[in-house]
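Written below as structure tokens is the structure these notes are about.
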Amino acid sequence: MDQNLPVKSLASSRSTLTEEILNTEDVAEYSKAQNKLPVTFTPTDLVCCRTLQGHSGKVYSLDWTPEKNRIVSASQDGRLIVWNASTSQKTHAIKLPCPWVMTCAFFPSGQSVACGGLDSICSIFNLNSSMDKDGNVPVSRMLSGHKGYVSSCQYVPDEDTHLITSSGDHTCILWDITTGLRTSVFGGGFQSGHTADVLSFIHCSLSDLVKGDGLVEKKVAQVAKIVYED
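When the count follows UniProt numbering, it moves up by one through the sequence shown with no breaks and lands on 230 for the last residue.
Shown next as structure tokens:
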């Protein structure tokens, strides 16, 4: 394409070419006709839609609201930032008690966020709380009980009252957020527990787990049952 063409002409040519490609059923055939190699896309291909700029340190974790309209990010600049995913604007910048944060999560309702890290504590912030005298969102709840760093935190789906954390102390803990107390501890002294740092976990319902007759499915379902009935 001629590099000296006006910007409007280039834009028009690009638009026409894009429309031509989109209206072509066989991309490989179109590429061959244009003497070009066909480009194939797989489920792992990602397209950058927006770049959110605001942190001054490494970003270690992020989470979306269930509606996918807001994002919370955790950085080792010592802040949580809540973003409007549509506009890229920051709605909250929360200064953390400990800058060494490793994980963050949104409440299912989107009204609060949680985070944890090398302080071995999971801190919860209510986004509707009034600012303190220094202009920061105060901590509304601190979940203390792990003996190692908090590597991951996740809310139980469709609940604002229970949260699960994993830790470098080889355990996972199910918390009652209303009381700040541990409901169940997984690992640690149990023979079948992890013998090294628990770096991550995933929560799923019993209906998602019990879908086969294999031993693995049954064992995992038993663990899930303990979470709800212990």
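For every residue, glycine included, the Cβ atom is placed at its ideal position computed from N, Cα and C.
Anticipated Cβ contact below 8 Å, residue i with residue j, distance rounded
{"i": "C115", "j": "A74", "result": "5 Å"}
{"i": "G78", "j": "P99", "result": "3 Å"}
{"i": "L52", "j": "S88", "result": "6 Å"}
{"i": "K90", "j": "G54", "result": "6 Å"}
Test item: CB-CB of residue i and residue j under 8 Å
{"i": "S120", "j": "H146", "result": "yes"}
{"i": "S130", "j": "S140", "result": "no"}
{"i": "V150", "j": "H203", "result": "no"}
{"i": "H170", "j": "D197", "result": "yes"}
{"i": "I177", "j": "I124", "result": "yes"}
{"i": "S144", "j": "S166", "result": "no"}
{"i": "V101", "j": "V82", "result": "no"}
{"i": "K68", "j": "A85", "result": "yes"}
Residue i (DSSP reduced to helix, strand or coil)
{"i": "A196", "result": "coil"}
{"i": "A85", "result": "coil"}
{"i": "K36", "result": "coil"}
{"i": "H55", "result": "coil"}
{"i": "R50", "result": "coil"}
{"i": "W64", "result": "strand"}
{"i": "L80", "result": "strand"}
{"i": "V113", "result": "strand"}
{"i": "V139", "result": "strand"}
{"i": "F107", "result": "coil"}
{"i": "C122", "result": "strand"}
{"i": "G188", "result": "coil"}
{"i": "I202", "result": "coil"}
{"i": "S75", "result": "strand"}
{"i": "M131", "result": "coil"}
Buried/exposed call for residue i, threshold 16 Cβ in 10 Å
{"i": "L199", "result": "exposed"}
{"i": "A105", "result": "buried"}
{"i": "I21", "result": "At I21 the pLDDT is 49, less than 50, meaning the model places this residue with poor confidence and gives no usable figure here."}
{"i": "C49", "result": "exposed"}
{"i": "S61", "result": "buried"}
{"i": "L181", "result": "exposed"}
{"i": "D63", "result": "buried"}
{"i": "T179", "result": "exposed"}
{"i": "V47", "result": "exposed"}
{"i": "T195", "result": "exposed"}
{"i": "Q34", "result": "exposed"}
Threshold first: 3 residues or longer. Then list the beta strand (DSSP E) segments lying entirely within the UniProt repeat "WD" (143 to 185), N to C.
150 to 155, 162 to 167, 171 to 176
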